[in-house]
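Visitor: Encoded as structure tokens, here's the structure I'll be asking about.
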Amino acid sequence: MGGQILIADCGDSAVVVKAEGANAWETVHTLADAIEAARLDGVYGIVPTYDSLLVEFDCTDTDHDTVRDALTHEIGRLAESPIRRLPARRFVVPVVYGGEYGPDLPVVAEQLGLTEQDVVRLHAGTDLTVRCLGAPAGAPMTDGPAFPRPVPRLASPRTSVPPGSVAVAGRQAVICPMRSPGGWPLLGRTPLRVLDLDSEPLTPYRPGDTFRFVPITPGQWDEYDGLALAAATWDEYDGLALAPDGLAPVPSGGTHG
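Taking the working numbering, the leading residue of the sequence shown gets 12, the next gets one more, and so forth.
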């Protein structure tokens, strides 16, 4: 675990760990795995992000000093004997790009000085690593595609974004797991069911996993509609038939989701 690690109180029932250096993300998530495995008394929430870790605790069961001491112990132990993180899993995600499914694709292409086909090719052309879980409901925040520049957020956010929407902003990408407001440009939508409120854990993915987006046609939507995202790790998903140009036609009417 390289780089400096800082520990500070955060409110009356949390401690935040800040990692610095080139390996900050790896440090934070390795520490999160270690803390979860240690099952510290009174700790009920462990939230790793890009370079920091929030550790939430019940202040009636423990206190800042105890939690800080436990974190310091875990950091020292990891420095002497690093643990192996869980192996990354690959999720293959079918997406209909453009049209009613990705209404902002033309605008994003214009902003980047690319064709719509090039935007799709870059978005679907590589595995994107899940870096942390965000809002709403554990949305998978991934690395962004290799676009030539960051993608601006929408000037006017939408009040309702359909579940399964695939969005980008800045140097990041995300799948929206449930209907919610959103200000990120929408490139497309997956027919897979991203979130299952009755499942444990709530999300099938975790930081470190990778997503590979695969273009499909609107006519293929029903083949995958409602299937759980967890099923996207099945080998047969590698045989998805690609949309001819990666784009959905502009519809004459009707919507999905």
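Each residue gets a CB set at the ideal place from its N, CA and C atoms; glycine is no exception.
What is the DSSP secondary structure of V66, counted as helix, strand or coil?
Guide: Reduced to three states, the DSSP call for V66 is strand.
Visitor: What first and last residue would you give for the beta strand (DSSP E) that runs through Q231?
Guide: Segment: none, Q231 is in no beta strand (DSSP E) and carries neither H nor E.
Visitor: If L89 sits next to A45, beta carbons under 8 Å apart, how far is it from one beta carbon to the other, in whole angstroms?
Guide: Correct: roughly 6 Å between the Cβ atoms.
Visitor: Would you mind reading off the limits of the beta strand (DSSP E) that contains A35?
Guide: Taken as a continuous stretch (DSSP letters only), A35 belongs to no beta strand (DSSP E), being part of the alpha helix (DSSP H) at A35 to A49.
Visitor: Pick from P218, Y55 and L42: whose alpha carbon is nearest that of L139?
Guide: Nearest of P218, Y55 and L42 to L139, Cα basis: P218.
Visitor: Between which two residues does the alpha helix (DSSP H) containing G199 stretch?
Guide: Where G199 is concerned, there is no enclosing alpha helix (DSSP H), although the beta strand (DSSP E) it sits in stretches over L197 to R200.
Visitor: Would the beta-carbon of G155 fall within 8 Å of that of G181?
Guide: For G155 and G181, yes; Cβs fall inside 8 Å.
Visitor: Quick check: the Cα distance between T38 and G14, rounded to an integer number of angstroms?
Guide: For T38 and G14, the distance between alpha carbons rounds to 9 Å.
Visitor: Any idea if E211 is buried or exposed, counting beta-carbon neighbours within 10 angstroms, 16 or more meaning buried?
Guide: Exposed, because fewer than 16 other Cβ atoms sit within 10 Å of the Cβ of E211.
Visitor: Quick one: what's got a C-beta closer than 8 Å to V78's C-beta in the same chain, skipping five residues either side?
Guide: Excluding positions up to five away in sequence, the list reads V26, L51, G53, V54, V66 and F68.
Visitor: Pairing CB atoms from the segment 194 to 208 with CB atoms from the segment 220 to 237, are three or more of them under 8 Å?
Guide: The segment 194 to 208 vs the segment 220 to 237: in contact.
Visitor: Using the Cβ count rule (16 or more neighbours within 10 Å means buried), how would you classify A157?
Guide: Exposed, by the Cβ-count rule.
Visitor: Can you give, in chain order, each stretch of the alpha helix (DSSP H) that sits fully within the segment 125 to 189 and has at least 4 residues?
Guide: The segment 125 to 189 contains these whole alpha helix (DSSP H) runs: 127 to 134.
Visitor: Quick one: measure Cβ to Cβ for G161 and G193, integer angstroms, because I've assumed they're closer than 8 Å.
Guide: First, the amino acid is wrong: residue 161 is Pro here, not Gly. Not really, about 17 Å apart at Cβ, beyond 8 Å.
Visitor: Roughly how many angstroms separate the alpha carbons of V104 and T71, rounded to a whole number?
Guide: V104 and T71: Cα-Cα distance of roughly 43 Å.
Visitor: Output the distance between the C-alpha atoms of R132 and P147, rounded to the nearest integer angstrom.
Guide: Looking at the two C-alpha atoms, the distance is approximately 27 Å.
Visitor: Taking the alpha helix (DSSP H) that P117 belongs to, which residues open and close that run?
Guide: Taken as a continuous stretch (DSSP letters only), the alpha helix (DSSP H) holding P117 covers L116 to L123.
Visitor: Return yes when the Cβ of V106 is within less than 8 Å of the Cβ of V225, no when it is not.
Guide: Yes, Cβ-Cβ distance for V225 and V106 is below 8 Å.
Visitor: M152: which of L213, T83, C187 and G230 sits nearest, CA to CA?
Guide: The option with the nearest alpha carbon to M152 is C187.
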